[in-house]
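Read through the structure below, which is laid out as structure tokens, and then see the notes.
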DNA sequence: ATGTCC
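Numbering (this note's numbering), first residue to last: 10 to 480.
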């Protein structure tokens, strides 16, 4: 234990650890800590070229190879890149849009949610109304949110409010399989399933007036939160590249304690191929969230007397991505390969890639709640830059398996209970509602409380749901 | 997360 919210796993917890592990957790959340996830955190510390610490946020839970809620940075020359350190849903992320409406002006939430549910394609395997051609898919994978904005699905201001301006320049389409393309083509502009959602929220509480005002949100504002990723495309890219990276692990004689930690040297052909394809998938996810934003704006202009441009993007963050970033390591600035898997970038004031008008505040950080619970807007800090390569938590963190939730809980009852609280839920099935029940997750407020106390990001505002659509 | 098994 380093302090009341920061813990260390010493070298030797598992054999061959190169650095100690560090994780952030309150005593209250300790009972949610899975032994398997802790072992995964320690396993990551055995990988070549890992810098400083293998890290985990308070929403840590067991994942594929790397724990979800994990952060790991690797040396560009000695280090590795691993698909397991990013996850299957490449650039799964969240954006928050502020409407000009006050909560008192929203009217019948059921009508709004029903309209959104019928417009935004939702659920496993769903297709978008507009199918992009193969050439357009290339533009999406190379241009991200910027390309779809150029096609009329948004405003230039939207791009400034996206992490990396909604496009990783390193993207390449050379190592995207035909299968990945086929899965991706009909799905850009769809929400997906599982924990992905579109939620109408209201700003319930402001904790930091200065930052909230700079980010453009005030109490009682109606906002929209969109949580989705790269759909079948990212999934297929991860699957494809796991195969080539597994072969590379053997080829470069990298010793790993778990097959799911397959990795390749950052600058190896296999490592670069994965990075380019992952970046292309990340761009697809930004385009996806941008297209859904467009649909939401059209509905709001239709139902309420508001202009398209009056719906402002507050910010868009990625939860699952690997990036080459500059960080200060042992007092020296250097480029490292940061993996965030179920973790959010949380750059501090005046760091790289923060919109200039809010640079002095720090990067906006968005933490979605689980269905029916609060979501949070925070700001990044220099503490995060020093301790976690500018990273914080990404959400609440699952504590019930999907199967256990489905077995033990009734989706219908949860829906009814939420409705009694004035939260209208519309989903493709009651099973999805059971899987995503609030009790299946750690409390988002407790998770956010830990990162706030640890100083990894600071609370700016709390939002509560009014209605939600789910896959 | 995911055409929840090519």
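By construction, the Cβ of each residue, glycine as well, lies at the ideal position given by its N, Cα and C atoms.
Residues near residue i by beta carbon distance below 6 Å, same chain, minus five either side
i, result
"residue 336", "345 and 398"
"residue 262", "none"
"residue 82", "60, 345, 347 and 398"
"residue 133", "202"
"residue 536", "Look at the range of the chain in this structure, 10 to 480, and you will see that residue 536 is not part of it."
"residue 443", "414, 415, 418 and 420"
"residue 470", "212, 215, 221, 226 and 386"
"residue 456", "67, 68, 402 and 405"
Per-residue burial, residue i [other beta carbons within 10 Å of its own, 16 or more giving buried]
i, result
"residue 385", "buried"
"residue 241", "buried"
"residue 187", "exposed"
"residue 329", "buried"
"residue 274", "buried"
"residue 341", "exposed"
"residue 120", "exposed"
"residue 365", "exposed"
"residue 467", "buried"
"residue 441", "buried"
"residue 12", "exposed"
"residue 369", "exposed"
"residue 98", "buried"
"residue 297", "buried"
"residue 230", "buried"
"residue 116", "exposed"
"residue 359", "exposed"
Residue i - partner residues in DSSP beta bridges
i, result
"residue 330", "349"
"residue 31", "17 and 64"
"residue 400", "354"
"residue 311", "Note: residue 311 sits in no beta bridge, so no partner."
"residue 79", "65 and 350"
"residue 449", "Residue 449 is not bridged to any residue."
"residue 305", "According to DSSP, which records beta bridges pairwise, residue 305 is partnered with nothing at all."
"residue 171", "325"
"residue 232", "107 and 210"
"residue 335", "344"
"residue 487", "No statement about residue 487 is possible, as the shown extent of the chain runs from 10 to 480 and does not include it."
"residue 384", "472"
"residue 375", "386"
"residue 89", "274"
Pairwise C-alpha distance: residue j and residue i
i, j, result
"residue 438", "residue 264", "44 Å"
"residue 387", "residue 257", "39 Å"
"residue 453", "residue 338", "31 Å"
"residue 314", "residue 395", "46 Å"
"residue 223", "residue 253", "45 Å"
"residue 286", "residue 237", "19 Å"
"residue 372", "residue 326", "10 Å"
"residue 310", "residue 304", "10 Å"
"residue 171", "residue 216", "23 Å"
"residue 429", "residue 412", "26 Å"
"residue 464", "residue 168", "28 Å"
"residue 64", "residue 91", "15 Å"
"residue 321", "residue 165", "11 Å"
"residue 184", "residue 79", "26 Å"
"residue 42", "residue 70", "7 Å"
"residue 405", "residue 446", "12 Å"
"residue 279", "residue 432", "47 Å"
"residue 162", "residue 18", "47 Å"
For residue i, the nearest candidate out of the options (CA to CA)
i, options, result
"residue 114", "65, 209 and 93", "209"
"residue 214", "205, 226 and 204", "226"
"residue 108", "68, 307, 380 and 25", "307"
"residue 156", "477, 375 and 293", "293"
"residue 409", "403, 379, 424 and 425", "379"
"residue 30", "10, 367 and 480", "10"
"residue 476", "92, 382 and 49", "382"
"residue 93", "179, 75 and 84", "75"
"residue 118", "451, 462 and 434", "434"
"residue 1", "248, 324, 144 and 270", "The structure shown does not extend to residue 1, since the chain is modelled only from 10 to 480, so the question has no answer here."
"residue 24", "44, 48, 353 and 89", "48"
Sequence-distant residues of its chain with Cβ nearer than 7 Å to residue i (five each side left out)
i, result
"residue 26", "20, 51, 54 and 55"
"residue 34", "14, 16, 42, 67 and 459"
"residue 124", "308 and 312"
"residue 350", "72, 75, 77, 79, 94, 95, 96 and 329"
Cβ neighbours of residue i in the same chain (closer than 8 Å, five flanking residues each side left out)
i, result
"residue 136", "130, 195, 196 and 199"
"residue 245", "186, 188, 189, 192 and 193"
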